[in-house]
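Asks: Position 26 of the sequence shown, counted from 1, bears residue number 49 in our numbering, the numbering being contiguous throughout.
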Amino acid sequence: MKSRQSWAELYAFEVDRTADAPVFRQIYLQLRSAILSGTLRPATKLPSTRELAVQLGVSRSAVVAAFEQLLAEGYAAGRKGAGTFIASDLPEPFAAIHGRKPRPASVSRTAAFRELGDFVDVTAQSDERPFNLGRTLMDARTVELWRKLSARSLRSFGRHHLGYGDPRGMPELRKSVCEYLRAARAVRCEPERVVITAGTQQALDIIIRVMQGPDREVWIEDPGYSLTRLALTAAGVTVCPVPVDRHGVDVTEGIRRAPKARAVFITPSHQFPKGVALSMARRLELLAWARESGAWIVEDDYASEFRYGGRPLASLQGLDEAERVIYIGTLNKALFPGLRLGYAVVPPSLVQAFVTARYLMDRQPSSLCQAVLTAFMEEGHFAAHIRRMREMYRGQRAALVAALRRRLGDHLTVEPPDQGMHLVAYTRRGLSDVGIERAAREHGVVVRAMSRLYVEAPGQSALMLGFSGYPRQIIAPAIARLARAFVR
Ligand SMILES: Cc1ncc(COP(=O)(O)O)c(C=O)c1O
Numbered sequence: 024m025k026s027r028q029s030w031a032e033l034y035a036f037e038v039d040r041t042a043d044a045p046v047f048r049q050i051y052l053q054l055r056s057a058i059l060s061g062t063l064r065p066a067t068k069l070p071s072t073r074e075l076a077v078q079l080g081v082s083r084s085a086v087v088a089a090f091e092q093l094l095a096e097g098y099a100a101g102r103k104g105a106g107t108f109i110a111s112d113l114p115e116p117f118a119a120i121h122g123r124k125p126r127p128a129s130v131s132r133t134a135a136f137r138e139l140g141d142f143v144d145v146t147a148q149s150d151e152r153p154f155n156l157g158r159t160l161m162d163a164r165t166v167e168l169w170r171k172l173s174a175r176s177l178r179s180f181g182r183h184h185l186g187y188g189d190p191r192g193m194p195e196l197r198k199s200v201c202e203y204l205r206a207a208r209a210v211r212c213e214p215e216r217v218v219i220t221a222g223t224q225q226a227l228d229i230i231i232r233v234m235q236g237p238d239r240e241v242w243i244e245d246p247g248y249s250l251t252r253l254a255l256t257a258a259g260v261t262v263c264p265v266p267v268d269r270h271g272v273d274v275t276e277g278i279r280r281a282p283k284a285r286a287v288f289i290t291p292s293h294q295f296p297k298g299v300a301l302s303m304a305r306r307l308e309l310l311a312w313a314r315e316s317g318a319w320i321v322e323d324d325y326a327s328e329f330r331y332g333g334r335p336l337a338s339l340q341g342l343d344e345a346e347r348v349i350y351i352g353t354l355n356k357a358l359f360p361g362l363r364l365g366y367a368v369v370p371p372s373l374v375q376a377f378v379t380a381r382y383l384m385d386r387q388p389s390s391l392c393q394a395v396l397t398a399f400m401e402e403g404h405f406a407a408h409i410r411r412m413r414e415m416y417r418g419q420r421a422a423l424v425a426a427l428r429r430r431l432g433d434h435l436t437v438e439p440p441d442q443g444m445h446l447v448a449y450t451r452r453g454l455s456d457v458g459i460e461r462a463a464r465e466h467g468v469v470v471r472a473m474s475r476l477y478v479e480a481p482g483q484s485a486l487m488l489g490f491s492g493y494p495r496q497i498i499a500p501a502i503a504r505l506a507r508a509f510v511r
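1) May I ask you to list the residues that DSSP assigns as paired with Thr220?
2) Tell me the DSSP secondary structure of Gly352 in three-state form.
3) Identify the continuous alpha helix (DSSP H) that holds Asp456 and give its terminal residues.
4) How is Val9 classed by DSSP in three states: helix, strand or coil?
5) What number of angstroms, rounded off, separates the C-alpha of Ala313 from the C-alpha of Asp385?
6) Judging by CA-CA distance, which residue of Leu255, Gly236, Pro246 and Arg208 is the nearest neighbour of Asp228?
7) For Arg471, write down the residues that DSSP places opposite it in a beta bridge.
8) Could you tell me which uninterrupted beta strand (DSSP E) segments, each at least 3 residues in length, are contained entirely in the stretch 284-324, listed from first to last along the chain?
9) According to DSSP, is Phe108 helix, strand or coil?
10) At which residue ranges does the stretch 391-441 contain complete beta strand (DSSP E) runs of 3 or more residues, listed in the order of the chain?
11) Quick check: Leu391 and Leu336, are their CB atoms within less than 9 Å of each other?
12) Assess, as a yes-or-no matter, whether the stretch 185-197 is touched by the stretch 212-232 under the definition of 3 or more beta carbon pairs within less than 8 Å.
13) Check the DSSP bridge columns for His445 and list the partner residues they point to.
14) Within this structure, are the beta carbons of Gln442 and Gly298 separated by less than 9 Å?
15) Return the chain-ordered list of same chain residues with a C-beta closer than 6 Å to the C-beta of Gln419, the five sequence neighbours on each side being excluded.
16) Taking 9 Å as the cut-off, decide whether the C-beta atoms of Pro70 and Val378 are in contact.
17) On the criterion of 16 or more Cβ atoms from any shown chain inside 10 Å, does Gly333 qualify as buried, or is it exposed?
18) Starting from Cys263, follow the beta strand (DSSP E) in both directions and report where the run begins and ends.
19) Can you name, in chain order, every residue of its own chain whose Cβ lies under 6 Å from the Cβ of His346, other than the five neighbours on each side?
20) Between the alpha carbons of Leu342 and Arg182, how many angstroms are there, rounded?
21) Which of helix, strand or coil does DSSP assign to Gly271?
22) Below 8 Å, can you find three or more Cβ-Cβ pairs linking the stretch 461-477 to the stretch 151-162?
23) From Arg175 to Ala31, what does the alpha carbon distance come to, in whole angstroms?
24) Please tell me whether, using a cut-off of 8 Å, the distance from the CB of Gly271 to the nearest non-hydrogen atom of ligand 1 is below it.
25) So if DSSP puts Thr165 in a beta bridge, which residue, or which two residues, is it bridged to?
26) Where does Ala311 land, buried or exposed, given buried means 16+ other C-beta within 10 angstroms?
27) CB-CB under 6 Å to Tyr248, same chain, minus the five flanking residues each way: which ones, in chain order?
28) Nearest to Val368 by alpha carbon, out of Cys201, Phe180 and Thr159?
29) Tell me the rounded alpha-carbon separation between Thr159 and Ser316.
30) Figure out for me which residue from Gly365, Glu344, Gly361 and Arg55 has the closest Cα to the Cα of Ile351.
31) By DSSP, does Arg102 sit in helix, in strand, or in coil?
32) Put Thr450 into one of helix, strand or coil per three-state DSSP.
33) Count the other C-beta atoms from every protein chain shown that fall within 10 angstroms of the C-beta of Asp323, then say buried if there are 16 or more, exposed otherwise.
34) List the endpoints of the continuous alpha helix (DSSP H) containing Glu37.
35) Which residues in the same chain as Arg239 place their Cβ atom closer than 8 Å to its Cβ, once the five residues preceding and following it in sequence are excluded?
36) For Ala357 and Arg452, I'd like the C-alpha separation in whole angstroms.
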């Protein structure tokens, strides 16, 4: 067996000289109990007798006597020249204690937490099979650049990376994000208002904390992004689902249902999951209501980098004269989900509270990833990456639409989306999306039933298929497998 990391060197041994028990026995008993409880695992190397004696301020002979007893009883094994190790084949008492089933921990039984416990997506997100949502591709050029810039950042690893920094993130990165958002999304911003986050999810969490208060009712889109809804309900916020039609969220209906809502969580440029854009008339209606009522609008502008056609709509935040919009975006889609970086552009009156909430949560973003991303943006690679990936995803989108229409045109209605990383295929003739979702998994294909994302509005049956994560050549064969899920 390979020896384990020598965590035993860090074990908090103690010796009490005033105790009746001899020192050697105190050391022996401590080690034995650490072994029996599993705190020190089989095959762990023990510190040398000399080191341990110095650490404890005792004679070496006391430590030697303790080790000898452990060796004699089979708890430890010696290897010539290699030191003393905890035995890999432990005697009976160890197995008996270790094998005992732990008592189940008691967990909160509130409705929100019960729902979180049932939330299957926690593991489903990491499923790599086509056509799971939210996955991205990186071409060889970006991979190579990312490696090079990471190596360069590590070479210049210094003071800049080592200490505590600004909770909003590195100034150079905030400046680059600010320039990008002004140019690409017509966002009104200055670097002082940009906060680098770990992505949309952390931004949502910070916003929820900032909105602490007794009358916390907010609008959410129905259907909408479940991670927004769950983050809100888990924090005890009352959500008011507002229906979405082909012009986006129905603002008039929202005002009718919850006129005093504290905030609105929406995806105006590309509604998740339906992919529609919030019409200009509704944008203006929403902004006017927010200005009057003092509500906040949280604009989740996810995947806005990938626009393939149609008239591009600038951000809602760019239209906002009254500074009611909190704009949040993610780099986990533009680059890769494992990156865990994103940003929020916060209205001036909220910056202080936002930064404080972030500081109390995790202080600041990790310095090294920010340094790599800063170089990637400053040197123009980000813009080039977006251009290349947009073309790649456009090809994948076309391949998916063509394969679906060819193979499943009788069962599904498919329109290519103008933006984003997934498409919605509406089922025909009363076919249940949930049934197909289940059957597709048996054929190694992941499609998501859109009807699951409705809260109150009558659910439309449709399948959501991600196309960004899957090279063109695997799309048609995967659709052939999906077609088998439709055969009864
Ligand atoms: C509506 C929406 N917003 C944001 C995100 C990105 O989230 P994050 O930045 O936490 O990875 C996703 C990803 O699936 C999404 O669907």
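Just so you know, even glycine gets a beta-carbon here, dropped at the ideal spot from N, CA and C.
Replies: Concretely, from the data shown:
1) Here residue 220 refers to the residue found at position 197 of the sequence shown. Gly365.
2) Here residue 352 is taken as the residue at index 329 of the sequence shown, counted from 1. It is a strand residue.
3) Translated into the one-based positions of the sequence shown, residue 456 becomes position 433. If you look at Asp456, you'll find it in the alpha helix (DSSP H) that goes Asp456 to Glu465.
4) Any property of residue 9 remains undetermined from this structure, which presents the chain solely from 24 to 511.
5) Here residue 313 refers to the residue found at position 290 of the sequence shown. Here residue 385 refers to the residue found at position 362 of the sequence shown. Their Cα atoms are separated by approximately 30 Å.
6) Your numbering for residue 228 matches position 205 in the sequence shown. Closest by alpha carbon: Leu255.
7) Counting from 1 along the sequence shown, the entry for residue 471 is found at position 448. DSSP lists Met487 as partners of Arg471.
8) Taking 3 residues as the minimum length, the beta strand (DSSP E) runs contained wholly in the stretch 284-324 are 286-289 and 319-323, in order along the chain.
9) Start at 1 with the first residue of the sequence shown, and residue 108 comes out as number 85. When secondary structure is reduced to three states using DSSP, Phe108 falls in the strand class.
10) Taken in chain order, the complete beta strand (DSSP E) segments of 3 residues or longer contained in the stretch 391-441 are 435-437.
11) Position 368 of the sequence shown holds residue 391. Position 313 of the sequence shown holds residue 336. The answer is no: Cβ separation not under 9 Å.
12) Taking 8 Å as the limit for Cβ pairs, the verdict is that the stretch 185-197 does touch the stretch 212-232.
13) Within the sequence shown, residue 445 is the residue found at index 422, counting from 1. According to DSSP, which records beta bridges pairwise, His445 is partnered with Gly489.
14) Mapped onto the sequence shown, residue 442 falls at position 419. Mapped onto the sequence shown, residue 298 falls at position 275. Yes, they are a contact pair.
15) In the sequence shown, counting from the first residue as 1, residue 419 sits at position 396. Within the same chain, and ignoring the five residues on either side of Gln419 in sequence, the residues whose Cβ sits closer than 6 Å to its Cβ are Phe490 and Arg495.
16) Position 47 of the sequence shown holds residue 70. Position 355 of the sequence shown holds residue 378. No, the pair does not count as a contact, with Cβ atoms beyond the cut-off.
17) Your numbering for residue 333 matches position 310 in the sequence shown. Result: exposed.
18) By one-based count along the sequence shown, residue 263 stands at place 240. In the DSSP assignment, Cys263 falls within the unbroken beta strand (DSSP E) covering Thr261 to Asp268.
19) For the purposes of this step, residue 346 is taken as the residue at position 323 of the sequence shown. First, the residue type needs correcting, since residue 346 is Glu and not His in the sequence shown. Contacts found: Pro370.
20) Locating residue 342 in the sequence shown gives position 319, where the first residue counts as 1. Locating residue 182 in the sequence shown gives position 159, where the first residue counts as 1. Taking the straight line joining both Cα atoms gives about 41 Å.
21) Locating residue 271 in the sequence shown gives position 248, counting from the first residue. It is a strand residue.
22) At 8 Å Cβ cutoff, the stretches touch.
23) Position 152 of the sequence shown, counted from the start, is the residue given in the question as residue 175. Position 8 of the sequence shown, counted from the start, is the residue given in the question as residue 31. Rounded to whole angstroms, Arg175 to Ala31 spans 36 Å at the Cα level.
24) Numbered from 1 along the sequence shown, position 248 holds the residue referred to as residue 271. Ligand 1 has no heavy atom closer than 8 Å to the beta-carbon of Gly271.
25) Here the question's residue 165 lines up with position 142 in the sequence shown. None; Thr165 has no bridge partner.
26) Position 288 of the sequence shown, counted from the first residue, corresponds to residue 311. It counts as exposed.
27) One-based indexing of the sequence shown puts residue 248 at position 225. Phe295, listed in sequence order.
28) Numbered from its first residue, the sequence shown carries residue 368 at position 345. When Cys201, Phe180 and Thr159 are compared, the shortest CA-CA separation from Val368 is found for Cys201.
29) Along the sequence shown, one-based indexing puts residue 159 at 136. Along the sequence shown, one-based indexing puts residue 316 at 293. Near 39 Å, if we compare the C-alpha coordinates of Ser316 and Thr159.
30) Locating residue 351 in the sequence shown gives position 328, where the first residue counts as 1. When each option's Cα is compared against that of Ile351, the closest is Gly365.
31) For the purposes of this step, residue 102 is taken as residue 79 along the sequence shown, with counting starting at 1. Here Arg102 sits in strand by DSSP.
32) The sequence position of residue 450 within the sequence shown is 427, counting from 1. Three-state DSSP puts Thr450 in a strand.
33) Translated into positions along the sequence shown, residue 323 becomes position 300. Counting the other Cβ atoms within 10 Å of the Cβ of Asp323 gives 16 or more, which makes it buried.
34) For this step, residue 37 is matched to residue 14 along the sequence shown. Looking at the DSSP string, Glu37 is not in any alpha helix (DSSP H), and its letter there is neither H nor E.
35) Stepping through the sequence shown from its first residue, residue 239 is reached at position 216. If the five residues before and after Arg239 are omitted, its C-beta is found closer than 8 Å to the C-beta atoms of Gly259, Val260, Thr261 and Arg285, all from its own chain and listed in chain order.
36) Taking the sequence shown and counting its residues from 1, one reaches residue 357 at position 334. Taking the sequence shown and counting its residues from 1, one reaches residue 452 at position 429. Going by the C-alpha atoms only, they are around 37 Å apart.
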